[in-house]
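Colleague: Here UniProt numbering is used: the first residue of the sequence shown is 1, the next is one more, and so on.
Ideal Cβ positions, reconstructed from N, Cα and C, are used throughout, including at glycine.
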Amino acid sequence: MLCVAAAAVAGIIALFFLLNLTFPTLCEDVRFVLRASQFGLKVLKVYLSKRVPTVLDGFAQRVEAHPHKTFLLFEGRPYTYRDVDRRSNRVAQVFLQQQPPGVRAGDTVALLMSNEPDFVCVWFGLSKLGCAVAFLNTNLRTRSLLHCLVSSGAKTLVLGADLVDVVEDILANIHENNISVWVMGKGCTLHGVNTLADKVEEAPDSPVPASWKSTIYLKSTFLYIFTSGTTGLPKAAVITQLQSLRAGAGFWVFGVTKDDIIYVPLPLYHGAASLLGICGCIEIGATLVLKKKFSASQFWNDCRKYNVTVFQYIGELCRYLCNQPKIEGEKHHQVRMAVGNGIRTEVWKEFLERFGNIKMCEFYGATEGNIFFMNYTGKLGAVGRTSSLYKCNDEVYVPAKPYNLFSSESK
Numbered sequence: 001m002l003c004v005a006a007a008a009v010a011g012i013i014a015l016f017f018l019l020n021l022t023f024p025t026l027c028e029d030v031r032f033v034l035r036a037s038q039f040g041l042k043v044l045k046v047y048l049s050k051r052v053p054t055v056l057d058g059f060a061q062r063v064e065a066h067p068h069k070t071f072l073l074f075e076g077r078p079y080t081y082r083d084v085d086r087r088s089n090r091v092a093q094v095f096l097q098q099q100p101p102g103v104r105a106g107d108t109v110a111l112l113m114s115n116e117p118d119f120v121c122v123w124f125g126l127s128k129l130g131c132a133v134a135f136l137n138t139n140l141r142t143r144s145l146l147h148c149l150v151s152s153g154a155k156t157l158v159l160g161a162d163l164v165d166v167v168e169d170i171l172a173n174i175h176e177n178n179i180s181v182w183v184m185g186k187g188c189t190l191h192g193v194n195t196l197a198d199k200v201e202e203a204p205d206s207p208v209p210a211s212w213k214s215t216i217y218l219k220s221t222f223l224y225i226f227t228s229g230t231t232g233l234p235k236a237a238v239i240t241q242l243q244s245l246r247a248g249a250g251f252w253v254f255g256v257t258k259d260d261i262i263y264v265p266l267p268l269y270h271g272a273a274s275l276l277g278i279c280g281c282i283e284i285g286a287t288l289v290l291k292k293k294f295s296a297s298q299f300w301n302d303c304r305k306y307n308v309t310v311f312q313y314i315g316e317l318c319r320y321l322c323n324q325p326k327i328e329g330e331k332h333h334q335v336r337m338a339v340g341n342g343i344r345t346e347v348w349k350e351f352l353e354r355f356g357n358i359k360m361c362e363f364y365g366a367t368e369g370n371i372f373f374m375n376y377t378g379k380l381g382a383v384g385r386t387s388s389l390y391k392c393n394d395e396v397y398v399p400a401k402p403y404n405l406f407s408s409e410s411k
């Protein structure tokens, strides 16, 4: 009997090693499938239930469970989950108390703000009122900025205090389109611009009445995030409630936990920082270190200062870090994982050699896309790979234009 048991154990071990040699990413694949299946069941329950859970619902659960846990760290100052919840309530109350109300459920409000905690507070406050929020690129000016503002259908624009001068030249055009302008400051010299920060300080932090909120569906618009505009003027991509839930699961699928401290130096108007970063942090109940603007020279000092364990990147960000002068102790940090996209193979290799054993979790997608790909194994190289289960035909060519058999070119 003992011999049979020993043989069985030996067989299982041998099978494990054989499978591992044949399919080296099998364990990672199984782990990913299990996590993806869990999320699939969660979405299925949403479809079958009458109530749609949103990112804000998840945030409310975090506030209730861990009100004093730090949600955001910005320039050394901590903001707890409760802090952000109450301030976002105050933002909502300011617009709610306007006569007539400044915004209504179903309205679109444009947000032009740099990275700061109030970006999240204004975003959440408006979402609590049932508004769709359009994130505007802070690098846009004049014609492009006005195009994005008008094309989003926004009735209100909320500005960061440091970006008031950006709209000065187009303020008349904004007013011509019946768009009210608010600045997240206590004073403004521009005519027709309302101040928000002073009113937020005086507003109550009571929750928005349930009667004010509109009915939310999985396909209800949550955000508008604009494309980069490389092939013309930027275009607004609709981000639904379901898409925000999917994006928010990214960190969780990659294996980030509530005990991690996530460093986000990317702009919040971009989907990577707002959807994967903010929404993903809420999904797992972690802490997020928000950087106003990426700095290659300050990056590792920030990681050490705040005990960062995970950071978000784009490919060029890692290249900028590799281009920094080498110093002693570059591997002395607690970073274990990086999540992002677009890192080149040669930069990836140099980054690991220089800064240590950091698991690089790549994804590939687009703001306006409906699917994306993930490299959750941390294996160097492209996100997409072929499988031994099928063969690819890479010799098929598609004509650039229809071929006319009777044209002069065919003779």
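DSSP on ILE261, reduced to helix/strand/coil?
Modeller: ILE261 falls in the strand class under three-state DSSP.
Colleague: Which of the three DSSP states is assigned to ILE282 in this structure?
Modeller: It is helical.
Colleague: Specify, as a first and last residue, the run of the beta strand (DSSP E) that ARG77 falls within.
Modeller: First-last of the beta strand (DSSP E) with ARG77: 77 to 80.
Colleague: So which of ALA210, ASN194 and ASN173 has the shortest CA-CA distance to GLY130?
Modeller: Minimum Cα distance to GLY130 is reached at ALA210.
Colleague: For ASN115, count neighbouring Cβ atoms within 10 angstroms of its own Cβ and tell me buried if that reaches 16, exposed if not.
Modeller: Burial call: buried.
Colleague: Kindly indicate which residue of LEU136, ALA161 and GLN324 has the alpha-carbon position closest to the one of ASP118.
Modeller: Out of LEU136, ALA161 and GLN324, ALA161 has the C-alpha closest to the C-alpha of ASP118.
Colleague: Taking buried to mean at least 16 other C-beta atoms within 10 Å of its own C-beta, is GLY271 buried or exposed?
Modeller: So GLY271 counts as buried.
Colleague: Consult DSSP for SER244 and reduce its assignment to one of helix, strand or coil.
Modeller: Helix, per DSSP.
Colleague: I'd like to confirm the pairing. Which residues does DSSP put opposite CYS148 in its beta bridges?
Modeller: Answer is none; CYS148 lacks a bridge partner.
Colleague: Once you ignore the five residues that flank LYS128 on each side, which residues in its own chain have a CB closer than 6 Å to its CB?
Modeller: Excluding residues within five positions, the ones whose Cβ falls inside 6 Å are ALA92 and VAL208.
Colleague: Tell me the DSSP secondary structure of GLU328 in three-state form.
Modeller: Residue state, collapsed to three classes: coil.
Colleague: If you follow the beta strand (DSSP E) that THR345 is part of, which residue opens it and which one closes it?
Modeller: Note, THR345: premise wrong, no beta strand (DSSP E); alpha helix (DSSP H) at 345 to 355.
Colleague: What is the DSSP secondary structure of GLU362, counted as helix, strand or coil?
Modeller: In this structure, GLU362 counts as strand in the three-state DSSP scheme.
Colleague: Does the region 49 to 62 touch the region 104 to 112, meaning 3 or more C-beta pairs lie closer than 8 Å?
Modeller: No: fewer than three Cβ pairs fall under 8 Å.
Colleague: To the nearest angstrom, how far is it from the Cα of PRO53 to the Cα of VAL133?
Modeller: Approximately 18 Å between the Cα atoms of the pair.
Colleague: Does the region 231 to 249 come close enough to the region 285 to 295 to have 3 or more Cβ pairs within less than 8 Å?
Modeller: Judged by Cβ distances under 8 Å, the region 231 to 249 makes no contact with the region 285 to 295, as fewer than three pairs qualify.
Colleague: Looking only at DSSP bridge pairs, what is CYS224 linked to?
Modeller: The residue asked about is misnamed: residue 224 is Tyr in this sequence, not Cys. Answer is ALA134 and VAL238, bridged to TYR224.
Colleague: So does the region 135 to 153 actually touch the region 323 to 332, counting three or more Cβ pairs closer than 8 Å?
Modeller: The region 135 to 153 vs the region 323 to 332: no contact.
Colleague: When you compare each of GLY356, VAL94, ARG246 and SER144 to THR231 by their alpha carbons, which one comes out closest?
Modeller: Residue SER144 is the option with its Cα nearest to THR231.
Colleague: What does the alpha-carbon distance come out to for the pair PHE124 and ASP85?
Modeller: Going from the Cα of PHE124 to the Cα of ASP85 covers about 8 Å.
Colleague: Looking at VAL87: is its Cβ nearer than 7 Å to the Cβ of PRO67?
Modeller: Here residue 87 turns out to be Arg, not Val, going by the sequence shown. No; because the gap between Cβ atoms is not below 7 Å, this pair is not in contact.
Colleague: Can you name the residues that DSSP bridges to SER180?
Modeller: THR156.
Colleague: Does PRO204 pass the burial test, meaning 16 or more other C-beta atoms within 10 Å, or should it be called exposed?
Modeller: Counting Cβ neighbours within 10 Å, PRO204 comes out exposed, since fewer than 16 surround it.
Colleague: Please state if the CB of VAL308 and the CB of VAL335 are separated by a distance shorter than 7 Å.
Modeller: A contact, by the Cβ cut-off of 7 Å.
Colleague: Identify, in the order they occur along the chain, each residue of the same chain with its Cβ nearer than 8 Å to the Cβ of THR80, setting aside the five sequence neighbours on each side.
Modeller: The answer, listed in chain order, is PRO67, HIS68, LYS69, THR70 and PHE71.
Colleague: Under 7 Å, do LEU48 and TYR306 count as touching if we go by C-beta distance?
Modeller: No.
Colleague: Determine which residues share a DSSP beta bridge with GLY340 and list them.
Modeller: Its beta-bridge partners are TYR313 and GLU362.
Colleague: Are the Cβ atoms of ALA237 and GLU368 separated by less than 7 Å?
Modeller: Cβ distance < 7 Å, so ALA237 and GLU368 count as in contact.
Colleague: Could you check what DSSP says for PHE372 in three-state terms: helix, strand or coil?
Modeller: In this structure, PHE372 counts as coil in the three-state DSSP scheme.
Colleague: Between VAL253 and the rest of its own chain, which residues show a CB-CB distance below 6 Å, the 5 nearest in sequence each way excluded?
Modeller: Counting only Cβ-Cβ distances below 6 Å, and skipping sequence neighbours, we find ARG35.
Colleague: Suppose you measure from the CA of HIS175 to the CA of LEU96; what does that come to, to the nearest Å?
Modeller: Whole-angstrom Cα-Cα distance: 21 Å.
Colleague: Rounding to the nearest angstrom, what Cα-Cα distance links LEU140 and LYS186 in this structure?
Modeller: Their backbone Cα atoms lie some 24 Å apart in a straight line.
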